[in-house]
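See structure below.
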DNA sequence: ACCAAACTCATACTTTTGGGTGATTTTTTT
DNA sequence: AAAAAAATCACCCAAAAGTATGAGTTTGGT
C-alpha cells in the first residue's frame, strides 16, 4: 500500500527566520502539501487550534522566550500530531529535551528537499497507521463509554498530560492554570477512574482498548 | 527464583530440529512464557489437548509426512488458538496453503528474539483482545539495547512493577525487599532511563517499540 | 582468593502528590 | 433568570516519592 500523504495534507511550519520559512514553504508546496507558516509560539498555537494541521515542522531554536520544544510539549498535551524538529546545531541538553517530546524526526541543517519529504512521509505513515504506538489523544467518547461518570474535556486534557508523564507543575504550565487547579482536576479524575495515583491512572487507561 | 511478574502464557513449540527447538525454548522461557516442545504431529496434538497452550509456534517444514500446515488445520478445526509459522523458505504453494489457515504471523528464518516476541505479543493480543491482557514483561536485552548503561535483572523486575502502576510499598511487598531498597533501585533506574519520576519512566519505556 | 557488580538496607532530608474543604467565576442547560 | 455543571484557585495536612550518603552481603568471574 504505497499510499501517498501529499494530497491535501496540511503542514504547519514554525520558523522565525523568514528566509528559511519561505524556502520551506516553497519546497512543501511544490510537493503538494498545503502550508501555513508561523513565526512564534502564540502564532503557532493559533494555527494549531484553528487550522488543525496534520504535521508540524518545528524550528527548535526560535528567537525570543519560547522554543520549539515548548511548542512540541503543547502539541503533545493538547493536539497530538506528528512534528519534526529542524535545527542547525545540537547541544546535548536541547537534544535530550527534544527527544523527550517524542518527535517524529530531527533534521539537522542543512537539510535537503528529499530529506524533508521522506521524513514527512515516514512521520505521517507511522503516526496515522499505528494507533498502538502513538501516545495519542484519547477519544473522549470512547474513553467515557468505559466509565460510570464521564470525564470532562478539561479532565481529558489533564489525563493526556499525565499520559505524557508530566508532573503537576508541567500540567499547570502546559494548560496555563495553577497547580492547585491541576490537583483539583486530578482528584476527580482519580475518582472517576477508580484509581489512587497518577501511575495507576496511566496503567488503567492504557489497558483500555481505545484504538 | 526471580520473576514475580510472569505472564503465564503457555506456548507450544512444534519443531523437529532439536537445536532450533532448544533455542526457541530458551528464548521463550527468558521472556516469561512457559514452553512445551513437540517434534511431530502426534506429539503436538497430544500437547494441544492435554496442556491447552495459549499459542503455538509451528515449523512449517516438519520432517516426515505431516507438515505444519496439517497441524494448523487441526488446530483450526479442533482447538482454535493463535499460531505462528516459522519457516526457512517460502515457496509459493506452501505459502498459499499456509495463508489459507489464517496464521497470526509468518516468520522467515533467520528470525531474531525480538521478532518472535513481538509476533507473539501481537498474536496474543489480537486473539484474546478483551480484558486482562498480559502486563507486558520487558525483554531485558531489547530494553537494554536502547540504553547507554544497561538495567540489571532486578531493575527490570522493578520496572515491570512500575509499569503495572505499583507504588513503592507495592513493589517492596511483591519482591520481598524493603521500601528503601526499592527506592535505591528506582534511583538508578531513573538515572539509566534519564527520567526524573516513575511516570516519566513508564512513558519512556512504553514509547519504546518493545511490545 | 579477590574483585567487581549487583543487591540489600538504613537514616535523614526535600519535594511532589494526593486528600479534604471551601469558595469564586464561567459556562451550559433548563 | 435560576439551576447545574465545569473550571478555577487557595490553604492545610498527610502520605508517597525522590535524593543523598554510606555501608553490609551475595554472586559471578578471573
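Residue numbers (our numbering), protein chains in the order written: chain A, 1112 to 1322; chain B, 1112 to 1322. Yeah, the Cβ is synthetic: ideal placement off N, Cα and C, and Gly gets one too.
Closest in alpha carbon position to residue 1157/A, among 1124/A, 1133/A, 1172/A, is 1124/A.
Here residue 1171/A carries a coil assignment [DSSP, helix/strand/coil]. With a threshold of 7 angstroms between beta carbons, residue 1309/A makes contact with chain B. Using a Cβ-Cβ cut-off of 7 angstroms, residue 1167/B does not count as an interface residue toward chain A, since no Cβ of chain A sits closer than that to its own. Taking a contact as a CB-CB distance under 8 angstroms, the pair residue 1168/B and residue 1197/B counts as one, their CB atoms being some 6 angstroms apart. Listed as beta-bridge partners of residue 1149/A by DSSP are 1125/A. As the crow flies, the alpha-carbon of residue 1292/B is around 50 angstroms from that of residue 1150/A. Excluding five sequence positions before and after residue 1258/A, the CB atoms of its chain that fall closer than 6 angstroms to its own CB belong to 1303, given in chain order. For the set 1139/B, 1260/B, 1273/B, the Cα lying nearest the Cα of residue 1231/B is the one of 1139/B. For residue 1293/A, no CB of chain B lies under 7 angstroms from its own CB, so it is not counted at the interface with that chain. Below the 7 angstroms Cβ cutoff, chain B contributes 1308 as neighbours of residue 1278/A, in chain order. Take the alpha-carbon of residue 1280/A and the one of residue 1165/A: they are about 28 angstroms apart. Within 10 angstroms of the beta-carbon of residue 1178/B lie 16 or more other beta-carbons, which makes it buried. Contacts with chain A at 7 angstroms (Cβ-Cβ) do not include residue 1316/B.
For residue 1300/A, the three-state secondary structure derived from DSSP is helix.
Listed as beta-bridge partners of residue 1197/A by DSSP are 1170/A, 1218/A. Separation of residue 1182/B and residue 1155/B (C-alpha to C-alpha, rounded to the nearest whole angstrom) is 8 angstroms. Secondary structure at residue 1318/A: coil, using DSSP grouped into helix, strand and coil. Chain order gives no chain A residues near residue 1186/B, where near means a beta carbon separation below 7 angstroms; the closest approach is about 25 angstroms. Going by DSSP, residue 1281/B is part of the alpha helix (DSSP H) stretching over 1279–1286. According to the DSSP assignment, residue 1258/A belongs to no alpha helix (DSSP H), since it is labelled neither H nor E. Rounded to the nearest whole angstrom, the C-alpha separation of residue 1312/B and residue 1171/B is 40 angstroms. Interface flag for residue 1313/B against chain A is set, since a Cβ pair is found closer than 7 angstroms. Listed by position along chain B, the residues whose Cβ is nearer than 8 angstroms to that of residue 1273/A are 1310. Within its own chain, the residues whose Cβ lies closer than 6 angstroms to the Cβ of residue 1217/A, once the five positions on either side in sequence are excluded, are 1196, listed in chain order. The DSSP-derived three-state label of residue 1163/A is coil. Excluding the 5 residues flanking it on each side, residue 1295/A has no same chain C-beta neighbour closer than 7 angstroms. In this structure, residue 1162/B places its C-beta atom within 7 angstroms of the C-beta atom of residue 1147/B.
Within the same chain, no residue comes within 7 angstroms of residue 1276/B by CB-CB distance, once the 5 residues on both sides are set aside.
Excluding five sequence positions before and after residue 1273/A, the CB atoms of its chain that fall closer than 7 angstroms to its own CB belong to 1309, 1312, 1313, given in chain order. Linking residue 1120/B to residue 1145/B through their CA atoms gives a straight-line distance of about 6 angstroms.
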